[in-house]
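Everything in the sequence shown is counted per the working numbering, starting at 87 for the first residue and increasing by one.
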Amino acid sequence: MIFNYFIFLALVGLCVLYSLWSSSSEAKVKQMERRNRTINKVVEKGYKISKRWDCNAITIFSDKKKRVLSFLVMAWRKDTIYDISIDNIKEITIDTVGIVKRSKIKSLITQVCLNVKTENGDYILRTLYVKGLGLKKNSPHVIYAEKCAEEIRDYVYSLKNIEVPKENEEEK
């Protein structure tokens, strides 16, 4: 009886370890050659990319002259580029989604995203997206995704000549 209980706990432990490992391997920025090819096609069409952020989920770039924030969504067969006019953006907030968020226990993050509110609707741009239990909050992948999200927000606000709103400092 105790042996069965031990085997059950060992299997649950292995599942948790596999989930953490797969989340870590998913968090890396992949397929850079494919992203570069698609971005080069966009440049040939007349875009002048002034800033670019490569995240694991999408690639976000900006054209300062056209005043457009664009993002590349990579699908299985076809890559698609969407544009958001910077002049239509009302507000950008940064949010994280995870397990046991805001507690003294180490939290696990599954998403870092930008919530972009525009006159035409709302967009959620994920700078980090992993399946499974997630990554530790102090993981280099989470830190990079948060840094990219902050840079994008600051860049758009600088183009709109708006001061970046100060967020409430969370207790650590």
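In this text, a Cβ means the ideal position worked out from N, Cα and C, and glycines have one as well.
Valine 228 versus Leu103, Ser110, Leu100, Gly99, residue with shortest Cα-Cα distance: Ser110
The region 205–212 contacting the region 167–179, beta-carbon criterion three pairs below 8 Å: yes
Close beta carbons around leucine 194, own chain, < 6 Å, minus the five adjacent residues each side: Gly184, Ile185, Leu219, Gly220
Residue range of the unbroken beta strand (DSSP E) whose run includes asparagine 201: 194–204 is the extent of the beta strand (DSSP E) around asparagine 201.
Same chain, Cβ closer than 6 Å to threonine 213, neighbours up to 5 away in sequence not counted: Cys141, Val198, Ala231, Cys234, Ala235
Isoleucine 144 beta carbon less than 8 Å from that of valine 159: yes
Three-state secondary structure assigned by DSSP to isoleucine 248: coil
Alpha carbon of valine 102 to alpha carbon of threonine 182, nearest angstrom: 21 Å
With 16 other Cβ atoms within 10 Å as the buried cut-off, status of serine 244: exposed
Rounded C-alpha distance that separates threonine 124 from lysine 151: 20 Å
Residue closest to arginine 163, alpha-carbon to alpha-carbon, out of Val98, Pro226, Arg120: Arg120
Contacts around serine 105, its chain only, beta-carbon distance under 7 Å, and the 5 residues preceding and following it disregarded: Gly218, Leu219
Whether asparagine 224 touches isoleucine 210 by CB criterion (8 Å): Their beta carbons are not under 8 Å apart, which means asparagine 224 does not touch isoleucine 210 by this criterion.
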